[in-house]
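Asks:
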Amino acid sequence: MKEASSRPRNCCLALSVAGAVLFVVGLVVGRAGNCSVMAVGCASSLVVVLLGLLGAGRCAFERRQLLEEQQAAEFRRDHGGSELFEDADEAVRLASRANLQYRKYAVPVFTVLLGLCLTIYGLLVWRSWAATESFPLAPNPMPLALLSALSWIATLILGSYFIGASREPGCRWVRPGAAWLFFAGGVYLLASVALFLEYFRKMELTADITLAKVSLVVLLVLSVELLLAFVIEFYRPRMPGELERPLPESRLLALVTEPGGVARNVASSLDYQFGFRVSEAWFFRFLERTVVPLLVILVLTFWLQTCLVVIGTGEQGLFERFGSVGEQEPSGPGVYLKLPWPFTRVERFPVERIQEVTLGEEHPHDEPEEDEEEDDDGHGHSHGPKKPKKAKHDERVILWSLAHTEQELNYIVASRHAEKLNAAVSGLGGVAAMETAKKIPPSALVVAHVPVSFRVRNLYDFRYRHGDAVGLLRNLGTREWIHYLASADFQELLGAGRAQAADTMRRRLQASADELRLGVDIIGVNVASIHPPVEVGAEFDKQMSAYEEVNRQLQQGRVEAQRIVAEAASESNAILAEARMDNFRRNRAYVEAEAGLFACQLERYRVCPEVFMIDSEMRVLQDASAHLRKYIVGGGVRVDLYDLNLERRSTGASLLDMGVEAAP
Amino acid sequence: MSEEQQTTTQAVQAAPDETRRSGLALHWPVALLALAVVGIFLVSMMTFQVKETEYAVVKTSGKAKVDESGAIVVYPPGLHFKLPFVDQVWRHDKRIQCYELRKGEVEQVKTRDDCQVVVSTYVLWRIGDPGVFMKQFEGTADAEAKLDFLVRTVRSRVMPLHDFRAIVRVRGEADGVPELERIEDEMLEQVRAEAMREYGLEVVRVGFRRFSFTQDNSQEVLKTMAADRREISTAMLTQGKKQADDVRVAARTQAAQLRTTAENDAKKLRSEGELEASKHLEIYRENLALARFLRYLNGLEASLNERDTLILGTDTAPFHLLDPKSVRLDGVGAPAGK
C-alpha cells in the first residue's frame, strides 16, 4: 500500500515558488540591465512555475486517489464480502476518475500548449532581435551581474535538492520543473557573464545578444521537444508495472541534470521509449565505454587540424605567432604548417582581387533618417528645393532628372560662369547688389558617384597599420574629390573634363595613400557618373531641347534658303533663256531668213493678193486652231466673241460660262 | 586459514585496488581533459599576448611598469609573462584610426566672406605616447571625444579666416596649394602639438569629408543654376532663330542678285538682238501693209493655244460656207476680208 503523503505536492508548489522568485529576479535584471538574455531567462522561469503547478496538480490528484482507495479498502475490510453491491464503489471513485482524466487529457493538452507558446514566443523574440540594430548597454551592470550569478548558484542548490527529492516515491513529477530550473539557472549564468563582460568592456556590444541568441536557440529546441514528446508518447509501448514518466519532462535536459552520466541517461531514455533494455545491447555498452575518448580524440584532431593552413589562389597570408608578425613579407598561395591555434594564426587576404569603394554616397553609420516631409538628408545639408520624393530610378534609363541612388550627396564645384555672373552682379554697385553677390556664392552643385578601384599591394601596411583601411581610403578619396571639385569648372566637368578629372583624382589619391602607407594601388577612378542635382536636371534637359530646337530652326532656314535660291536660279535661267530666244530671233541668220521669206511672200502677194491673203488666213486657221475648241455661232450675231485662255485654265471653258445663249 | 580462504581474502583486498585502477582507466580522458583545462587556465593567468596591432603596458597595483630611466615599459608584440592577480595588462590599438567628428554629422560654419557652409571633418590619429594616453583616457571613445572637441574648436577658429571665393574657384594645379588644403594644414598644425603634449594622441591628418552649402544657400545655388540653364536655353533659341533668319535673308539676297543678273543679261541679249535685227528691216518697207498683215497673223498664231476656245460667227470665213444663203460661186456673200 502506498503512503498518501502530501510531500510531492508541496515539493511541486515549492518549485513553483522558486520559479516565481527567479522570474521576478529575471524581470528586474532584464529591465534594469537591458539584458537580452533575460528574455529567455524569464520565459524559462515561467516554465518552472507552470511545470511546478502542473506537477502539484498531478500529485494532488494522485494523493486523493490513494486516499480514496485506502478508504475503499478499509470499507471492504470492515464489511467483508457481505455487501450486496460489492463492486458498486468502482462507479463512485471520483478521485480515481479525476486523476485518470487529468493524466489523460490535462497533461497532454498542457504540454502541447506549452510547446506551442514557447515556440511562438521564441520566434517572435528572434524576429524582434533581428530587426533591432543596436542593443543598449546596462548603465550599472556589476550589481545585476552579481544578482544573476547568485540566482544561478541558488538554482544549482535548489535544482539539486529537487532532483534528489524527485527520486522519492510519488515525487516523480517534481523532476520536469527541476530540470527546467537547472536550465533557467544556466541562462541566468549566461546573463551574468554578459553583464560582467559589459562591466569589463569586453565584447560589450555583442556579448549580450550573442549569448541571448544561443540561449533562445536552446529554448526553441526544448519547446520543439515538448511538441515531439506529445507525438512520440502515442507510439511508446506500455509495459506493465513501469513507472510513469511525466510527459513534459525533457529528455535533453535530463542528459545534464540527472546523475549517472550522459550515456546512462540516454540509455534510460531509450529504454523507456522503446519498451526494452536497449542499454544492455553490446553496441550500446561499447559506445558507452568509448564515447568520451572518441570525443576527446575528435576534439584533439580538430585542434591539430589548425596546424595546417591553405592559402588560396590570389591570396596572401601573414603568420602571427603569439600575436606578433615575424615576417612582414606575406606568404603566397600554398599549404603551410604552423603551430596550432591559438599560438599561431594566419591573416589571409585576397590581394589580387580588385576592390571598390564608392565616393559620393553616405556611409552606413551616418545614414540619415528617412523623413518624408523634410527635404534634408539629416545633416542640415540641402538637396535643393521642393524635392517631392526621389523618383525610383529606372535601371534601364539613367537620367539627370532622376536620382541614381537612394543617398546622393551634393558637392560644391567651382564655376567660371557663376564667377562671371557674380562679378557682374557685384559690378552693379549698391548695397543690394553686393548682398545678392554675397548670398549667392559663385559656384554650382554637382552630384557624383565615383567608384574607386584598388588592389592591395602591401598586406602588412593594409592590415596592420590602419584600423579600417577601406574606410580610411574612402575618406581620403572623398577629401581629394572635394578638393578637386573646389578647383574644377562645372561645365568642363560635365563635358570633356571628366577624363582629366579621373586621371588627376587617381594620381592624387595614390599619392595620399602612399603618404599614409595604406598599402594599396589605385587602379582607377571612374568619374563617369557626374550630373547636376536632380532638382535642376530638368533644366539641363530643357537646354538640350533648346539645342535641338535651334538645330531644327537652322535646318528649316537652310532648306528654305536653298528653295529660295533654287527658285531664283530657275527664274534667272528662264529669263535668260527667253532673252536668248529673243536674241536668236533677232540675230542675223534669223532676220535674213525672215526677210527672205517676206520677199517670197511679197512676190506671191503681187501675183494674186486676194488668194495670198486667204491662203495665209486659212493656214493660220488650220494650223493654229486645229486643236482648239470652236463654237460657230449662226446668224444674228453681229459681234465676234473670242475667249482666249491665256492662263491655261484647268477647267474647260464653256459657252455657258460666258453668258452666251445657244442659238435656238 | 586454508589456501582457498587466503585467496579469497586476497581477492577481497585486491578488489578495491582493481576497482580503483579500472575507474582510473575508465576516466583517464576526463582526467586528462580536466588537467588540460587547469593547465590552460594557469597559463592564461600567467601569460598575455600582445598583438601586432596593439600597445601593451603592465600595471601593478594600478601603476604602470617603468624601466631604469623612468619611462613606461611598452611591451612589443608576442608572448609575455605576468603575475597572476597582481599584474594587469592595459592594451590599446596602435594602428592609425580614422575618426569622423560627431560620427560623421555635418556642422555649419562661416567663412570670412560671410558664406555659410556645412562641413564634416575626419581625423587620422593614433596613440603617440601610451603613458600619457593611459593616464588621460579609459578607452578609444574618450580619446575620440577629446579629439572631437579639439578639432572642432580649431576648425571654428580657422574656417572664418578664409574666403569662400578663395576656397571654391577655378584654378589649375600650377596655382599652388588649394585653399582647402591650406585650411586642413592649419588645423592640423594647431591641433597636433596640444593633442600630443596633453593627451598622448598623434594626429596624423585632418581632412574634410563633406563640404557643402546650408539648405538655404543650396536652394539659392540651385535656383541660380536653374536660371542659368533657362538663360542659356533662351539665348540658344534666340540665337538659333536669328541664324535661321540670317540664312533665309542671305538666300533671298542671293535670289534677288540672281534675278537681277539674269534680267540684266537678258536685256543685254535682247538689245544685241534688236540691234542686229534692225539691220534687216529695210525689205519690209516695200509693202508695209503686207508686212503688218503677216505680223498680225504670226501674232495670232503664236497667241492661240490648245485650251483656248474660239467662238466664230458664220460670217467668218471659211465658216460662212455653213450658211447656205451666203455662199455663192460668184463670190457674192463671201466675207469681206475677214
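So the protein lines, in turn, are chains D and U.
Positions 2 to 665 (this note's numbering) are the ones given, in order, by the first sequence.
Positions 15 to 352 (this note's numbering) are the ones given, in order, by the second sequence.
Even glycine gets a Cβ: it sits at the ideal position worked out from N, Cα and C.
(1) Could you compute how far the alpha carbon of Arg559(D) sits from the alpha carbon of Gln268(U)?
(2) Which residues mark the beginning and the end of the beta strand (DSSP E) in which Arg553(D) is found?
(3) Which residues share a DSSP beta bridge with Asp469(D)?
(4) Which two residues bound the contiguous beta strand (DSSP E) that contains Thr323(U)?
(5) Would you report the Cα separation of Met124(U) and Val184(U), rounded to the nearest angstrom?
(6) Quick check: Arg346(D) and Glu321(D), are their CB atoms within less than 8 Å of each other?
(7) Please tell me whether Leu666(D) has its Cβ less than 8 Å away from any Cβ of chain U.
(8) Would you identify the three-state DSSP class for Arg175(U), choosing helix, strand or coil?
(9) Could you give the distance in angstroms between the alpha-carbon of Val137(U) and the alpha-carbon of Tyr113(U)?
(10) Using a Cβ cut-off of 7 Å, pull out every chain U residue sitting near His467(D), in sequence order please.
(11) Give a yes or no on whether the C-beta atoms belonging to Gly142(U) and Met250(U) are separated by under 8 Å.
(12) Is it right to say Trp304(D) is buried, meaning 16 or more other beta carbons lie within 10 angstroms of its own, or is it exposed?
(13) Any beta-carbon of chain D closer than 8 Å to the one on Leu194(U)?
(14) At the level of alpha carbons, what is the spacing between Phe687(D) and Ala99(D)?
(15) Can you find a C-beta in chain U that's less than 8 Å from the C-beta of Met39(D)?
(16) Taking C-beta pairs closer than 7 Å, name the residues in chain D that Ile297(U) reaches, listed in chain order.
(17) Can you confirm whether Gly498(D), when its beta carbon is compared against all beta carbons of chain U, has any partner nearer than 8 Å?
(18) For Arg321(U) and Ser571(D), what's the separation of their Cα atoms in angstroms?
(19) Quick one: is Val263(U) buried, meaning 16 or more other Cβ sit within 10 Å of its Cβ, or exposed?
(20) Ser45(D): buried (16+ other C-beta within 10 angstroms of its C-beta) or exposed?
(21) Report all residues from its chain with a CB closer than 7 Å to the CB of Ala445(D); omit the five preceding and five following residues, and keep chain order.
(22) Determine the contact status of His467(D) and Ile86(U), defining contact as a CB-CB distance below 8 Å.
(23) Give the residues from the stretch 441-461 of chain D that approach chain U closer than 8 Å (Cβ to any Cβ), ordered along the chain.
(24) Quick check: the Cα distance between Ser666(D) and Ala185(D), rounded to an integer number of angstroms?
(25) Could you name the residues of the stretch 520-544 of chain D whose beta carbon sits closer than 7 Å to any beta carbon of chain U, in the order they occur along the chain?
(26) Express the C-alpha separation of Gly254(U) and Glu550(D) in angstroms, rounding to a whole number.
(27) Among Arg8(D), Ser149(D), Thr359(D) and Glu561(D), which one has its Cα closest to the Cα of Ser193(D)?
(28) Going by CA-CA distance only, name the one from Leu477(D), Met506(D) and Arg475(D) that's closest to Tyr485(D).
(29) Roughly how many whole angstroms lie between the Cα atoms of Asp272(D) and Val293(D)?
(30) What are the residues of the stretch 83-94 of chain U that lie near chain D, defined by any Cβ-Cβ distance shorter than 8 Å?
(31) Determine the closest residue to Tyr337(D) out of Arg564(D), Val453(D), Gln317(D) and Pro170(D), with distance taken between C-alpha atoms.
(32) Candidates Phe323(D), Glu579(D) and Leu229(D): which alpha carbon is nearest Pro341(D)'s?
(33) Is His384(D) helix, strand or coil by DSSP?
(34) Between Leu289(U), Leu336(U) and Val172(U), which lies nearest to Phe585(D) when the distance is taken from Cα to Cα?
(35) Quick check on the burial criterion: 16 or more other C-beta atoms within 10 angstroms. Buried or exposed for Ser167(D)?
(36) Establish whether the CB of Gln63(U) and some CB of chain D are separated by less than 8 Å.
Replies: The answer reads as follows:
(1) Here residue 559(D) refers to the residue found at position 558 of the first sequence. Here residue 268(U) refers to the residue found at position 254 of the second sequence. Distance between the alpha carbons of Arg559(D) and Gln268(U): 13 Å.
(2) In the first sequence, counting from the first residue as 1, residue 553(D) sits at position 552. From DSSP, Arg553(D) is part of no beta strand (DSSP E) but of the alpha helix (DSSP H) over Val535 to Arg586.
(3) Translated into positions along the first sequence, residue 469(D) becomes position 468. Per DSSP, none; premise fails for Asp469(D).
(4) The count along the second sequence starts at 1 and reaches residue 323(U) at position 309. Its beta strand (DSSP E) spans residues Thr323 to Gly327.
(5) On the second sequence, position 110 is the one that residue 124(U) refers to. On the second sequence, position 170 is the one that residue 184(U) refers to. Checking the sequence shown, residue 124(U) turns out to be Lys, not Met. Straight-line Cα distance between these residues: approximately 21 Å.
(6) By 1-based counting over the first sequence, the position of residue 346(D) is 345. By 1-based counting over the first sequence, the position of residue 321(D) is 320. Closer than 8 Å, so yes.
(7) In the structure displayed, chain D extends from 2 to 665; residue 666(D) sits before or after that span and is not available.
(8) For the purposes of this step, residue 175(U) is taken as the residue at position 161 of the second sequence. Note that residue 175(U) is Leu in the sequence shown here, rather than Arg. Residue state, collapsed to three classes: helix.
(9) As a first step, residue 137(U) is located in the second sequence; it is residue number 123 there, counting from the start. As a first step, residue 113(U) is located in the second sequence; it is residue number 99 there, counting from the start. Their Cα atoms are separated by approximately 5 Å.
(10) By 1-based counting over the first sequence, the position of residue 467(D) is 466. What His467(D) touches in chain U: Arg109 and Ile110.
(11) Locating residue 142(U) in the second sequence gives position 128, where the first residue counts as 1. Locating residue 250(U) in the second sequence gives position 236, where the first residue counts as 1. Result no, Cβ atoms of Gly142(U) and Met250(U) do not sit closer than 8 Å.
(12) Residue 304(D) sits at position 303 when you count from the first residue of the first sequence. Classification of Trp304(D): exposed, given that the 10 Å Cβ count is below 16.
(13) Here residue 194(U) refers to the residue found at position 180 of the second sequence. It does: the Cβ of Leu194(U) has a partner Cβ on chain D nearer than 8 Å.
(14) In the structure as shown, chain D starts at 2 and stops at 665, and residue 687(D) therefore has no counterpart that could be examined.
(15) The sequence position of residue 39(D) within the first sequence is 38, counting from 1. Judged by the 8 Å Cβ criterion, Met39(D) is not in contact with chain U.
(16) Looking up residue 297(U) in the second sequence gives position 283. Under the 7 Å cutoff, chain D gives Ala596, Phe599 and Ala600.
(17) By one-based count along the first sequence, residue 498(D) stands at place 497. No, no contact with chain U.
(18) Your numbering for residue 321(U) matches position 307 in the second sequence. Your numbering for residue 571(D) matches position 570 in the first sequence. The straight-line gap from Cα to Cα measures roughly 26 Å.
(19) Numbered from 1 along the second sequence, position 249 holds the residue referred to as residue 263(U). Burial call: exposed.
(20) Counting from one through the first sequence, the residue named residue 45(D) turns up at place 44. Flag for Ser45(D) reads buried.
(21) Translated into positions along the first sequence, residue 445(D) becomes position 444. Counting only Cβ-Cβ distances below 7 Å, and skipping sequence neighbours, we find Val414, Ser416, Ala419 and Phe491.
(22) Mapped onto the first sequence, residue 467(D) falls at position 466. Mapped onto the second sequence, residue 86(U) falls at position 72. Their beta carbons are not under 8 Å apart, which means His467(D) does not touch Ile86(U) by this criterion.
(23) Ile441, Pro442, Pro443, Ser444, Ala445 and Leu446
(24) The requested residue 666(D) is not part of the displayed model; chain D covers only 2 to 665.
(25) Pro533, Pro534, Glu536, Val537, Glu540, Phe541, Lys543 and Gln544
(26) Walking along the first sequence from the start, residue 550(D) turns up at place 549. Walking along the second sequence from the start, residue 254(U) turns up at place 240. Going from the Cα of Glu550(D) to the Cα of Gly254(U) covers about 8 Å.
(27) For the purposes of this step, residue 193(D) is taken as the residue at position 192 of the first sequence. It is Ser149(D).
(28) Numbered from 1 along the first sequence, position 484 holds the residue referred to as residue 485(D). Per the Cα distances, Met506(D).
(29) Against the first sequence, residue 272(D) aligns to sequence position 271. Against the first sequence, residue 293(D) aligns to sequence position 292. Looking at the two C-alpha atoms, the distance is approximately 21 Å.
(30) Pro90, Pro91, Gly92 and Leu93
(31) Position 336 of the first sequence, counting from 1, holds the residue named residue 337(D). For the residues Arg564(D), Val453(D), Gln317(D) and Pro170(D), the minimum Cα distance to Tyr337(D) belongs to Gln317(D).
(32) Reading the first sequence from its first residue, position 340 is the one you call residue 341(D). Selected option, being the one with the closest Cα: Phe323(D).
(33) As a first step, residue 384(D) must be located in the first sequence, where it is residue number 383. In this predicted model, His384(D) has a pLDDT of only 39, less than 50, meaning its place in the structure is not dependable enough to derive any value.
(34) Indexing the first sequence from 1 puts residue 585(D) at position 584. Comparing Cα positions, the closest option is Leu289(U).
(35) Within the first sequence, residue 167(D) is the residue found at index 166, counting from 1. Label assigned to Ser167(D): buried.
(36) Locating residue 63(U) in the second sequence gives position 49, where the first residue counts as 1. Chain D, which has a Cβ nearer than 8 Å to the Cβ of Gln63(U), makes this yes.
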